[in-house]
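Per this note's numbering, the very first residue in the sequence shown carries number 51; after that it's consecutive. Everything below concerns the one structure shown next.
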Amino acid sequence: MGVHLIYHVVDLFGIPTALYADLRCQHEGGKADDNFRITFYYTDKNVVMSATKYARESAPHIILQGKLGSYIKLTLDNQESLLLAGIRPCDNWNQEPENQWGTLHTEINGEIVRHKLESVRGNYQAYYDNIYQVLCENQDLIITPQQAITVLQLIELVYQSAKCGQKMAIT
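Listed below in structure tokens is the structure:
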């Protein structure tokens with residue numbers, strides 16, 4: 051479970067009111083959690099984040115379900131796979147092909163609509179650019195120390211919830 055995953059939940063949906071976590075180590079002899087399911091509770095929605103190392107079939111990486119429709123994206127942002135393949139960042143280096151875009155399924159004016167939505171290109175370099183801007187150009191941090199503290203506090207609550215098997219209120 052990476053800190054960036056919880057940061058994304060907070061960045062997209064805000065700070066939840068409570069959370070429940072199930073963390074497991076499924077690898078025989080393993081010492082680290084390799085399976086998790088975390089439910090973040092909000093007054094108007096729940097956000098579920100899960101992952102497992104052991105799955106014969108991969109599941110969609112993003113599923114958003116709402117009253118008016120659904121959005122499903124099968125793959126993650128392609129930055130990491132490009133870097134692992136030795137492809138260095140330049141120009142449109144991580145523009146996803148259409149077959150990796152997410153699908154929106156909704157209804158507009160009584161007509162069922164199902165179409166691909168082009169992915170917004172990720173830009174991990176922006177973090178490092180921002181550090182430079184803070185140090186050399188007196189700019190503000192994009193991710194503030196308070197945001198980092200909030201995410202770390204949520205991670206602590208995740209571990210507490212998993213240990214005691216209870217939903218944890220966030221105050």
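Yeah, the Cβ is synthetic: ideal placement off N, Cα and C, and Gly gets one too.
Report task. Please list the segments of the beta strand (DSSP E) lying wholly inside the region 100-169, counting only runs of 3 or more residues, in order along the chain. Result -> 112-116, 119-123, 152-158 and 161-167, all fully within the region 100-169.
Requested in this report: Compare the Cα-Cα distances from Asp190 to each of Asn180, Val163 and Ile112 and report the closest residue.
Outcome: As a working note, residue 190 is residue 140 in the sequence shown. Residue nearest to Asp190 within the set Asn180, Val163 and Ile112 is Asn180 (criterion: CA-CA distance).
Query raised in the report: Between Thr153 and Glu130, what straight-line distance do the alpha-carbon atoms span, to the nearest angstrom?
Result: Your numbering for residue 153 matches position 103 in the sequence shown. Your numbering for residue 130 matches position 80 in the sequence shown. Near 22 Å, if we compare the C-alpha coordinates of Glu130 and Thr153.
Query - Span separating the alpha-carbon of Gln150 from that of Ile158 - result: One-based indexing of the sequence shown puts residue 150 at position 100. One-based indexing of the sequence shown puts residue 158 at position 108. C-alpha of Gln150 to C-alpha of Ile158: approximately 24 Å in a straight line.
Requested in this report: For Gly80, I'd like the list of residues in its chain whose CB is within less than 8 Å of its CB, leaving aside the five on either flank, ordered along the chain.
Outcome: What you label residue 80 is simply residue 30 of the sequence shown in a count that begins at 1. Once the five neighbours on either side are set aside, Gly80 has no close Cβ partner at all.
Requested in this report: Taking 8 Å as the cut-off, decide whether the C-beta atoms of Asp83 and Leu73 are in contact.
Outcome: On the sequence shown, position 33 is the one that residue 83 refers to. On the sequence shown, position 23 is the one that residue 73 refers to. In this structure, Leu73 lies closer than 8 Å to Asp83 by Cβ.
**Report entry** Of the residues Tyr104, Ala109, Lys103 and Ile192, the one placed nearest Asp61, counting alpha carbons only
**Finding:** For the purposes of this step, residue 61 is taken as the residue at position 11 of the sequence shown. With distances taken between Cα atoms, Asp61 lies closest to Ile192.
Report task. Evaluate Ile199 with the Cβ neighbour count: other Cβ atoms within 10 Å of its Cβ, from every protein chain shown; 16 or more gives buried, anything less gives exposed. Result -> Taking the sequence shown and counting its residues from 1, one reaches residue 199 at position 149. Flag for Ile199 reads exposed.
Query raised in the report: Ordered along the chain, which non-local residues of its own chain (more than five positions away) have a Cβ less than 6 Å from that of Thr102?
Result: Within the sequence shown, residue 102 is the residue found at index 52, counting from 1. If you ignore the 5 residues before and after Thr102, its C-beta comes within less than 6 Å of the C-beta of Asn85, all in its own chain and listed in chain order.
Requested in this report: Confirm, please, whether the CB-CB distance from Val98 to Arg87 is below 8 Å.
Outcome: Your numbering for residue 87 matches position 37 in the sequence shown. Your numbering for residue 98 matches position 48 in the sequence shown. Closer than 8 Å, so yes.
Requested in this report: Could you give the DSSP three-state label for Thr226: helix, strand or coil?
Outcome: Residue 226 is absent from the model: the chain starts at 51 and stops at 221.
Query raised in the report: Which of helix, strand or coil does DSSP assign to Tyr209?
Result: Counting from one through the sequence shown, the residue named residue 209 turns up at place 159. DSSP places Tyr209 in helix when its eight states are reduced to three.
Report task. Starting from the C-beta of Leu118, find all residues in its chain whose C-beta is less than 6 Å away, skip the five residues before and the five after it, and write them out in chain order. Result -> Within the sequence shown, residue 118 is the residue found at index 68, counting from 1. Non-local beta-carbon contacts of Leu118 in its own chain, meaning distances under 6 Å to residues more than five positions away in sequence, involve Thr156 in chain order.
Query raised in the report: What number of angstroms, rounded off, separates the C-alpha of Gly94 from the C-alpha of Thr67?
Result: By one-based count along the sequence shown, residue 94 stands at place 44. By one-based count along the sequence shown, residue 67 stands at place 17. Contrary to the premise, residue 94 reads as Asp rather than Gly in this sequence. Approximately 10 Å, taken between the alpha carbons.
Query raised in the report: Which residues does DSSP pair with Tyr70 in a beta bridge?
Result: Taking the first residue of the sequence shown as 1, we reach residue 70 at position 20. Bridge pairing for Tyr70: Thr89 [DSSP].
Query raised in the report: Can you check whether the CB of Leu126 is closer than 8 Å to the CB of Pro110?
Result: In the sequence shown, counting from the first residue as 1, residue 110 sits at position 60. In the sequence shown, counting from the first residue as 1, residue 126 sits at position 76. 8 Å or more divides the Cβ of Pro110 from the Cβ of Leu126.
**Report entry** Residue nearest to Phe90 in terms of C-alpha spacing, selected from Gly52, Ile65 and Ala105
**Finding:** On the sequence shown, position 40 is the one that residue 90 refers to. Ranked by how close their Cα comes to the Cα of Phe90, the residues Gly52, Ile65 and Ala105 have Ile65 in first place.
Query raised in the report: Based on the DSSP output, what are the partners of Val98 in its beta bridges?
Result: Taking the first residue of the sequence shown as 1, we reach residue 98 at position 48. Partner(s): Thr89.
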